[in-house]
Amino acid sequence: MAKITYVTYPGNPKAEEEIKSRSVLFIDNEVAQQVLTMEDCLDVVEDAYREFGLGRATASRAHHEIPPLEGDTWLNWAPMVAALPRLGAVAIRIRSDFFMSRQDRLVKYAVAPGKFCGLILLFSTRDAAPLAIMNEGHIQHMRVAAAGGLSAKYMARQGASTLGLFGTGGMAVAHAWAIATARPLKRIQVFSPNPEHRRAFARQVGQDLGIQVVAVDEPSQAAEGADILAACTSARVPVVLGQWLKPGMHALSVGHEEFDDEVFRRCHRYVYSRAPTTQSYVADPERKPPSWRGGEEYDTRWTRRERRLLPEEKMAFLSDVILGRAAGRASDEEVTVFTSQGIPIQFTATAYKVYEKAREQGLGRKLPLAWFLQDISD
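Next comes the structure, spelled out in structure tokens:
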């Protein structure tokens, strides 16, 4: 059978010449680390929250849970999309990882353990052209940490200088940098179940930040004398207990389950950050993926917990705090809590800054724009 042949019409020679001169950048994690500073990341993420709070941005996210043909490893395919017209940018972040449930934590990988697949596709809202394709690993850590740093900026008490940190992975490193950038930290007390990891973290981060970083042997010791607590782990059980909270503390978490219920009962003010809606789809009528518990999807379970433990008057969205519509703290005695549940505006803002700086510095791999355009209408 012959192939379908489309009728062709005269093109636009001027546009074709311009397209030939333009590129799409491929930006890997190494380039992103080279060009993106925490100061820049805090600035652009803060501005993105302002834009979102003023109704001048869009954000959506979804999870597609795909069952395995055998075993207990599910594919979690998770797109997050946000547009920031002020930047002239829209981006989609796609994560494609297998999820496995392992005792008290969720393990993920792509292709082989220790490898992960996350991409950001950045587009222009000015002419709809693709601008960049990026690895998202470093940007992921930086954008989440920036939200945590902003919570410390707006919610920690004046003079806060000691951080109690739980976790020693990439997310913990990024949070140490973000909080130290937002607040003049003098000391970090870090705990991890692995003694070697916490000692190595203390050496490296202490050297990089130029402040005292102490590895502690018990989780409660990380909270002793701390002004700010940050839980940056992959745990699916509480790592921060409400009984450790003292008047004036600010506590923040990356995951939904790192705080016990008492943390929320004791807090005076709770600020959250998440997309307005998360759509969840499971491609199996019988089974539930390991990211679900008790038959409930992650975000649904979390918002149910919020409503159960927190009166509405204690709750505020981070955009409202940044815009001054809600207070992050009313006194030095209040206990304040922030949970970073992920909102796509962080990706678009951070990815665009990385793209701008990579272009300025001549970094990244140039791919012809023509490869990504087509003559057949979509």
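For the sequence shown, the positions run 56 to 433 when my numbering is used. Just so you know, even glycine gets a beta-carbon here, dropped at the ideal spot from N, CA and C. No experiment lies behind these values; they were computed from the predicted model shown.
Straight-line measurement puts the Cα of residue 164 at about 15 Å from the Cα of residue 344. Residue 62 and residue 178 have their C-alpha atoms some 29 Å from each other. Counting C-beta atoms within 10 angstroms of its own C-beta, residue 272 has fewer than 16 neighbours from the protein chains shown and is therefore classed as exposed. Collapsing the DSSP output to three states places residue 148 in a strand.
DSSP, read as helix, strand or coil, puts residue 120 in strand. In this structure, the beta-carbon distance from residue 246 to residue 305 does not fall below 9 Å.
Residue state for residue 289 is assigned as coil, using DSSP reduced to three classes. Beta-carbon to beta-carbon, residue 407 and residue 142 are separated by about 5 Å, close enough to satisfy the 8 Å threshold. In this structure residue 288 is buried. Its beta-carbon is surrounded by 16 or more other beta-carbon atoms within 10 angstroms.
Taking residue 422 as the centre and dropping the five residues before and after it, the same chain places the C-beta of 78, 79 and 81 closer than 7 Å to its C-beta, in chain order. Of the candidates 59, 111, 106 and 133, 133 places its Cα closest to the Cα of residue 333. In the DSSP annotation of this structure, the continuous segment of the alpha helix (DSSP H) that includes residue 204 starts and ends at 192-210. The C-beta distance from residue 321 to residue 390 rounds to 6 Å, short enough to meet the 8 Å contact threshold. In this structure, 325 is the residue among 363, 337 and 325 with its C-alpha nearest to the C-alpha of residue 370. In this structure residue 405 touches residue 198 by the C-beta definition: roughly 5 Å separates them, less than 8 Å. The DSSP-derived three-state label of residue 89 is helix. In the DSSP annotation of this structure, residue 431 is not part of any alpha helix (DSSP H), being labelled neither H nor E.
Residue 418 and residue 86 do touch by the CB rule: their CB atoms are close to 5 Å apart, below 8 Å. Contact between residue 330 and residue 398 holds, since their C-beta atoms are separated by about 5 Å, short of 8 Å.
Taking the C-beta atoms as reference points, residue 284 is found nearer than 9 Å to residue 219. The straight-line gap separating the alpha-carbon atoms of residue 206 and residue 259 is approximately 25 Å. The beta-carbon separation of residue 74 and residue 428, rounded to 7 Å, stays under the 8 Å limit for a contact.
In the three-state DSSP reduction, residue 74 falls in the helix class (H, G or I). A residue is called buried when at least 16 other Cβ atoms come within 10 angstroms of its Cβ; residue 238 meets this threshold and is buried. Between residue 319 and residue 108, the C-beta spacing is not below 9 Å. With 16 or more neighbouring CB atoms inside 10 Å of its own CB, residue 233 falls in the buried class. Counting C-beta atoms within 10 angstroms of its own C-beta, residue 431 has fewer than 16 neighbours from the protein chains shown and is therefore classed as exposed. In this structure, the CA atom of residue 116 is about 27 Å from the CA atom of residue 412. DSSP places residue 225 inside the alpha helix (DSSP H), whose first and last residues are 225-237.
Around the Cβ of residue 166, a 10 Å sphere holds fewer than 16 other Cβ atoms; the residue is exposed. In the three-state DSSP reduction, residue 301 falls in the coil class, being neither helix nor strand.
Judged by their CB atoms, residue 328 and residue 395 are nearer to each other than the 9 Å cut-off. Nearest neighbour of residue 363 by Cα position, chosen from 176, 323 and 316, turns out to be 316.
The beta carbons of residue 137 and residue 403 sit closer together than 9 Å.
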